[in-house]
Amino acid sequence: MQSRDAAEERKSMIERIGPFLYRAGLHGATMDEIAREAGTYKMSIYRAIGSKNDVWMTYARKLCEQRNREMTGLLLRSDQRPERLVMNYFLQQRELVLNDAILGDPLLKLSTEAAGRFGELHQALCRQRDADLARFVQIGGSIAPDEGVNLGIELYMMWQALVSCGRSRAAIARDSEHVIRMVRRTLDAYQRRPAAA
């Protein structure tokens with residue numbers, strides 16, 4: 000019972016401070032600010048989650064779980080053709096990025112900030128990156144069975160271009176339109192290719 004209560008407390012804290020961690024970034028959030036954002040004391044965070052590194056690891060795990068649910072749901076849907084599902088996914092991602100005031104995808108943002116440092120966190124984010132790429136390859140295979148790897152890699156790279164961080168709002172709007180056009184052209188091109196004999 001105690002372990003369940005502790006897990007619920009960790010989850011509740013991360014839910015409260017997640018938006019702040021996203022905005023402040025890996026290098027811009029002190030424990031005092033994190034505690035203030037959570038409406039609690041530093042010692043309460045230390046007891047519930049652990050050190051600052053533990054806070055970021057817990058936040059990263061939450062983001063990874065969300066991404067995995069999102070991508071699994073996309074793979075399991077069978078009410079639409081795969082290429083339509085992919086196009087709709089990219090359009091949804093575009094809306095999220097346009098509404099998120101230039102910060103971009105949370106996992107990609109965190110991965111950029113942790114690059115080459117923060118060993119355990121960086122490794123976890125690299126594993127998630129590999130899992131994301133594998134899912135795009137799986138999706139690519141459902142559209143173009145003979146060229147699933149190539150299509151999956153292309154889709155993954157276009158997704159990264161769509162949700163990358165550190166751009167002005169005007170740049171995001173311009174880049175997102177370009178990416179959506181590229182996705183449409185790519186999907187059309189793969190659908191028109193003759194199947195291998």
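Its first residue numbered 0, the sequence shown is counted upward by one per residue in numbering that gives the first Met the number 0. A virtual CB, placed ideally from N, CA and C, is assigned to each residue, including glycine. None of the values given here were measured: they were computed from a predicted structure.
Distance, Cα to Cα, residue i vs residue j?
{"i": "aspartate 145", "j": "alanine 5", "result": "48 Å"}
{"i": "leucine 109", "j": "serine 50", "result": "18 Å"}
{"i": "tyrosine 155", "j": "leucine 62", "result": "18 Å"}
{"i": "leucine 73", "j": "glutamine 92", "result": "13 Å"}
{"i": "threonine 111", "j": "valine 136", "result": "22 Å"}
{"i": "aspartate 174", "j": "isoleucine 142", "result": "25 Å"}
{"i": "glycine 165", "j": "isoleucine 179", "result": "19 Å"}
{"i": "glutamine 79", "j": "aspartate 129", "result": "26 Å"}
{"i": "methionine 86", "j": "tyrosine 40", "result": "45 Å"}
Please work out which residues of its chain come closer than 6 Å, Cβ to Cβ, to residue i, disregarding the five sequence neighbours upstream and downstream, and give them in chain order.
{"i": "tyrosine 21", "result": "Pro105"}
Along the chain, where does the alpha helix (DSSP H) that runs through residue i open and close?
{"i": "histidine 177", "result": "168-191"}
So for residue i, helix, strand or coil by DSSP?
{"i": "cysteine 63", "result": "helix"}
{"i": "glycine 118", "result": "helix"}
{"i": "aspartate 104", "result": "coil"}
{"i": "glutamine 79", "result": "coil"}
Only counting the same chain, and skipping five residues up and downstream in sequence, which positions put a Cβ closer than 8 Å to that of residue i?
{"i": "glycine 115", "result": "His121"}
Give, in chain order, every unbroken run of the alpha helix (DSSP H) that is at least 4 residues long and sits entirely within the segment 19-55.
Taken in chain order, the whole alpha helix (DSSP H) runs of length 4 or more contained in the segment 19-55 are 30-37, 41-47.
Complete runs of the alpha helix (DSSP H) confined to the segment 139-168 [at least 4 residues]
147-162
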